[in-house]
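Chains as they are written, first to last, in the numbering used here: chain S, 1 to 248; chain H, 1001 to 1248; chain G, 2001 to 2248; chain X, 3001 to 3248.
The next block holds one structure in the form of structure tokens; read it before the comments.
4 protein chains.
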Amino acid sequence: MNILVTNDDGIGAAGIKALAEALTELGTVTVVAPDRERSAAGHSLTLHSPLRVFELRDRWFAVDGTPTDCVNMGIHSLLEAPPDLVVSGINHGGNMGDDITYSGTVAAAMEANLMGIPALAVSLATFGPTEHFPDAAKVAVQVARMLIQQGLPADTFLNLNVPNLPFSEIKAPLITRQGKRSFVGKIVDKTDPRGRKYYWIGSEEPSFLDDEGTDFNAVGKGHSSLTPLHLDLTNHRAMEALKQWQIA
Amino acid sequence: MNILVTNDDGIGAAGIKALAEALTELGTVTVVAPDRERSAAGHSLTLHSPLRVFELRDRWFAVDGTPTDCVNMGIHSLLEAPPDLVVSGINHGGNMGDDITYSGTVAAAMEANLMGIPALAVSLATFGPTEHFPDAAKVAVQVARMLIQQGLPADTFLNLNVPNLPFSEIKAPLITRQGKRSFVGKIVDKTDPRGRKYYWIGSEEPSFLDDEGTDFNAVGKGHSSLTPLHLDLTNHRAMEALKQWQIA
Amino acid sequence: MNILVTNDDGIGAAGIKALAEALTELGTVTVVAPDRERSAAGHSLTLHSPLRVFELRDRWFAVDGTPTDCVNMGIHSLLEAPPDLVVSGINHGGNMGDDITYSGTVAAAMEANLMGIPALAVSLATFGPTEHFPDAAKVAVQVARMLIQQGLPADTFLNLNVPNLPFSEIKAPLITRQGKRSFVGKIVDKTDPRGRKYYWIGSEEPSFLDDEGTDFNAVGKGHSSLTPLHLDLTNHRAMEALKQWQIA
Amino acid sequence: MNILVTNDDGIGAAGIKALAEALTELGTVTVVAPDRERSAAGHSLTLHSPLRVFELRDRWFAVDGTPTDCVNMGIHSLLEAPPDLVVSGINHGGNMGDDITYSGTVAAAMEANLMGIPALAVSLATFGPTEHFPDAAKVAVQVARMLIQQGLPADTFLNLNVPNLPFSEIKAPLITRQGKRSFVGKIVDKTDPRGRKYYWIGSEEPSFLDDEGTDFNAVGKGHSSLTPLHLDLTNHRAMEALKQWQIA
């Protein structure tokens, strides 16, 4: 069992260390991760410039690109053979609801899925300081073991969010759907030391609609949340309405 | 009617010029777009560093960020009031099938949708040189006019792909679902003038499964393709299978 | 007479426009300049990544690199033959005293000198808003004309600073030496919207030692300042003292 | 004795490790260095965007900026008090002749000098693989010790180049002047996987004029080379010639 591990917090983050260590229980782990933090990278590929790879130590490669780049580099270049599983994380902060579309952690799993490799994204649902990465890593290993044993449903990759608790207090995983965030964006504008204006996109702890059956709801109750995702963004229900449009 | 226009090819691209000009027919157009090409940016937000804005001319703003950043900047800072419509494009190259998850053009419309603003992404389905941006812009105006008249179904934004043809030869839009790409990735590795290795992620004209009812299929037959998208990545069909898993 | 023009404020800046226009009086002008502001770039070369070139219009090329990169690209790739003269500027802000070691504008002239091409850096000595770029451009043309007629002394390139005044009020150029700045650095530290600390290097209007014969002194009196520079950083006077050291 | 150590090869490079370890013999060492390679950065300051600092371990700080930024951050923000000495290096590759104007290693020492702190740049004169960083570090310690004992001449900072040899074979330091390079630039142009052209500035092992008394000459003979530098780029000999010009 060959496992490729990546993240979007950067190769020096505590979350990827805990994850890579825990997964050695299941197979040979190779880490290919961004050399710097690339949070909110989305499913972005670096096509306009080249990438560099730095082998930090045995089977730990830093890449000056995005999580999606790292999965590409791992599968097509750095690993001897395509991995049996790609695991991304453990992200510092939950990736739930609409916010998953921004997530570099989820995008890495999406990229693996596009290439036909089973994939799992793992996030720890807190934005504060935490010591619970090893606890979340244990949950990730449990889910990964099932994924290997059972296989994934067609066209599916997994999004796991774990509450920020000691392992013994984390309740059994619930299978959830993606929730909805109540979005409040903001832009901060300031002036640099040379008197020029700059802008900073704010991000806050997301607030969400606490609907039963969603990722937010499960984590809020102390459960891990496991959501099956796919790449199909089509709103099938909306197709009929659009077919009534008389365009042109 | 206030319309925000953005893209991912950069504010100097021919596609955004054609689009912005054509949309003046429907209302007041403000352009907020990346100062450099940001193809394959995905739904990426710049959270780690600030953004700069350059007003190039009246109502044309360049931002040193991603398309998603531009929509944020436009809505939360540069426009006097939230726009009635966000239109992103015209991308040079189709955004169809699984590839839309990489697309900065589609992500900009996704961002607008997250903020509750009706949104349309527009792409011209060719990667070769083209003179047909004004033709595609006419189709975009037709679709935008319908969108304004009819309103969008709930939780929906639109993805329009136009074949690379003169306006008179473009067949009526078909309402489609997102197709599937047959993905063949590759990495090119080379050596720089100082003898150090670098890697370049290859991208090629996508090949696809030509299924009836998909975006690829419609464009291949000379139709415009209009796909309703949403933000929900949940694979609802896979939930039952996962519920059988005995995790832990 | 073929003239290569570059700057460090970026190809869209008012100063390079005034300079390029004025120099057409002396020959054929080709502009190769950074696509974004690259102030304080120093004599930096982009060796670790590739460069892109965008031809904005006839003989105006934007490069996604430093002023030094632009001179390289112009001389070795974009121009049909090496230029007879490289002129860099007009910088918005003086480049005088020790500060010239940071200056991308001066570095561009330095690069041309390294390649054996006569070179002149031009700066307008104000950090406030200005309408006097065309006035400074006239002075630049006068100096460039003399440079062409007389030739430069061996191993020399020129650094011209022009006071921020209407042409009729600018006093005749004085030949000066590089002055000394009284340096007060500072770092501003702030917190980003996600609560993480960042730092910003401050820069302020330089204060300087007002020694007779220096660039600062000349400009302070309303003269243009013309300083012959070379690439030799050796402090020849200090060699004797060091020779007394008993190292090891 | 508080010593600030930086470099331009990045905080993970072998050269800075050897240097920082060796200098602990003389005092308390704090490392503030770029998180990525920043070769050929010249004397460039990051003014347009903010900087981030990452404390990797006790007294080792990575900064996402240039060597010049690192010296600024160290002196004005990260150290409790201004250091007694700044040492930059050990650069992988010599910094001699005109090339020192490109050098981030030399620029870091220049920045310290501007702020009134004694400074020494150290380079190992080979571009091939090497195991002799600890040998060069011993020479650096010898020079630093003399610098501390004797003090530097006014307006002077030091540029040390060490031949790529075992310590016992390195000949006594010679006090040298900056040599002259015979410059042959080149640009490589290639095509990326999407068919777009890109350019790469070539760099080659420098060839030089082997004049007696220069840095190149000393190192070529197996000596360390120690050159006193200053910030004055004025070509004083050229001033008389220019004073004959009748400008305007």
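Even for Gly, the Cβ is constructed at its ideal location relative to N, Cα and C.
- Membership of Asp69/S in the alpha helix (DSSP H) is indicated by the continuous run 67-73.
- Using a CB distance below 7 Å, the part of the region 35-65 of chain S facing chain H consists of Glu37, Ser39, Ala40, Ala41, Gly42, His43, Ser44, Leu45, Thr46, Leu47, His48, Pro50, Leu51, Arg52, Val53, ordered along the chain.
- Interface annotation, Pro2129/G: not in contact with chain S, CB-CB separation never under 8 Å.
- Non-local C-beta neighbours of Gly42/S in its own chain, meaning closer than 8 Å and more than five positions away in sequence, comprise Thr101, Tyr102, Ser103, Gly104, Ala107, ordered along the chain.
- Counting only the Cα atoms, Glu3055/X lies some 16 Å from Asp9/S.
- Bridge pairing for Pro3034/X: Val3063/X [DSSP].
- Under the DSSP definition of a beta bridge, Asn3091/X partners with Ser3123/X.
- The secondary-structure analysis by DSSP pairs Arg3237/X with nothing; it has no beta-bridge partner.
- Taking 8 Å as the CB threshold, Asp192/S lines the interface with chain G.
- Residues of chain G with a Cβ closer than 9 Å to the Cβ of Val188/S are, in chain order, Asp2192, Pro2193.
- Shortest Cα-Cα distance from Lys3221/X to any of Val3005/X, Asp3058/X, Ala3125/X involves Ala3125/X.
- Interface residue (Cβ-Cβ distance to chain S less than 8 Å): Gly2202/G is classified as such.
- At a cut-off of 8 Å between beta-carbon atoms, Ile100/S makes contact with chain H.
- Around the C-beta of Lys1180/H, 16 or more other C-beta atoms lie within 10 Å, and the residue is accordingly described as buried.
- One Cα belongs to Asn3113/X, the other to Ala3119/X, and the distance between them is close to 6 Å.
- Cβ atoms of Leu23/S and Ala144/S come within 8 Å of each other, at about 7 Å.
- His2223/G sits buried, since 16 or more C-beta atoms from the chains shown fall within 10 Å of its C-beta.
- Inclusion of Ala2238/G and Ser3044/X in the CB contact set at 8 Å is not warranted, their separation being larger than that value.
- Between Asp3232/X and chain G, the shortest Cβ-Cβ separation is below 8 Å.
- Per DSSP, the continuous beta strand (DSSP E) segment holding Pro228/S begins and ends at 223-229.
- From the listed residues Leu3078/X, Gly3195/X, Glu3111/X, Ser3123/X, the smallest Cα separation to Gly3093/X is found for Ser3123/X.
- Between Met73/S and Val32/S the beta-carbon gap is near 6 Å, inside 8 Å, which marks them as a contact.
- Looking at the DSSP output, Asn3161/X sits in a beta bridge with Ser3123/X, Ser3225/X.
- Interface criterion met: the Cβ of Ala3248/X is under 8 Å from a Cβ in chain G.
- Closest by C-alpha distance to His132/S, out of Ala154/S, Gly15/S, Ser207/S, Lys197/S, is Gly15/S.
- Note that the C-beta distance between Ala1137/H and Ile1187/H is not below 8 Å.
- Of all alpha-carbon atoms in Arg2059/G, Leu2078/G, Leu2229/G, the one lying nearest the alpha-carbon of Ile3201/X is that of Leu2078/G.
- For Ser207/S, the CB contacts under 6 Å within the same chain, skipping 5 residues up- and downstream, are Ser182 in chain order.
- Beta-bridge partners of Lys2190/G (DSSP): Tyr2198/G.
- Here the C-alpha atom of Ala18/S lies approximately 16 Å from the C-alpha atom of Arg57/S.
- Using a Cβ distance threshold of 8 Å, Leu1174/H and Ala1218/H count as a contacting pair.
- Interface flag for Lys2243/G against chain X is set, since a Cβ pair is found closer than 8 Å.
- In this structure Leu2226/G does not touch Thr2156/G by the C-beta definition: roughly 11 Å separates them, more than the 8 Å allowed.
- For His223/S, none of the residues of chain H pass the 7 Å Cβ criterion, the least Cβ distance being about 11 Å.
- Listed along chain S are Ile247, each with a C-beta nearer than 7 Å to that of Val1143/H.
- Exclusion of the five residues before and after Pro2082/G leaves Ile2075, Ile2117 as the residues of its chain whose Cβ lies within less than 7 Å of its Cβ.
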